[in-house]
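Residue numbers (the numbering used here): 5 to 122.
Below: the structure, in structure tokens.
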Amino acid sequence: MTIGEFSKQTGICAYTLRFYESKGLIRVKRDSGGRRDYDTNDVEWVQFLQRLKDTGMPLREIKQYADLRYLGPDTMAERMQLLQKHRETVLAQQKKWAVYLENLDHKIDLYRQELAKR
Numbered sequence: 005m006t007i008g009e010f011s012k013q014t015g016i017c018a019y020t021l022r023f024y025e026s027k028g029l030i031r032v033k034r035d036s037g038g039r040r041d042y043d044t045n046d047v048e049w050v051q052f053l054q055r056l057k058d059t060g061m062p063l064r065e066i067k068q069y070a071d072l073r074y075l076g077p078d079t080m081a082e083r084m085q086l087l088q089k090h091r092e093t094v095l096a097q098q099k100k101w102a103v104y105l106e107n108l109d110h111k112i113d114l115y116r117q118e119l120a121k122r
């Protein structure tokens, strides 16, 4: 599929897809005319990359993971280690955000109580 079709399917703009490709995060096949030719495997991979990015994995670690992925199944243990490390980071962030949310809820409750008195 073309980059436009792929962009619509994944919800990731063409600019970002080109950036991912320039950084070596995705390796896209080309057709006989040199145009990008994405397939369904690319959809899943790019969506996973986006989730790593959205959960705060640094670009250098995403690149490391991508390089290992493209080397094949012999790198599974190393990829798993990267994901386990990132999972710990995500859990720590989740705990931090839970505290922030609790603080917000407390403040909102205070405002509700004060407004109810008026």
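Virtual Cβ for every residue (Gly too), placed ideally from N, Cα, C.
The structure presented is a predicted model; accordingly, all values stated were derived computationally and were not measured.
CB-CB length for residue i against residue j, believed under 8 Å
| i | j | result |
| --- | --- | --- |
| Thr1 | Val47 | Absent from the structure is residue 1, since the part of the chain shown begins at 5 and ends at 122. |
| Tyr104 | Leu86 | Not a contact, Cβ separation roughly 27 Å. |
Whether residue i touches residue j by CB criterion (8 Å)
| i | j | result |
| --- | --- | --- |
| Leu72 | Glu65 | no |
| Thr6 | Arg39 | yes |
Residue burial classification, residue i (beta-carbon count within 10 angstroms, cutoff 16)
| i | result |
| --- | --- |
| Ile112 | exposed |
| Trp49 | buried |
| Tyr24 | buried |
Three CB pairs or more closer than 8 Å across the segment 29-48 and the segment 77-87: no
Looking at C-beta atoms only, is the number of pairs between the segment 53-67 and the segment 12-29 that lie closer than 8 Å three or more? Result yes; three or more Cβ-Cβ pairs closer than 8 Å.
Count Cβ pairs between the segment 55-65 and the segment 89-103 that sit closer than 8 Å; are there 3 or more? yes
Just to confirm the assignment: which complete beta strand (DSSP E) runs, minimum length 3, are found wholly within the segment 20-81? none
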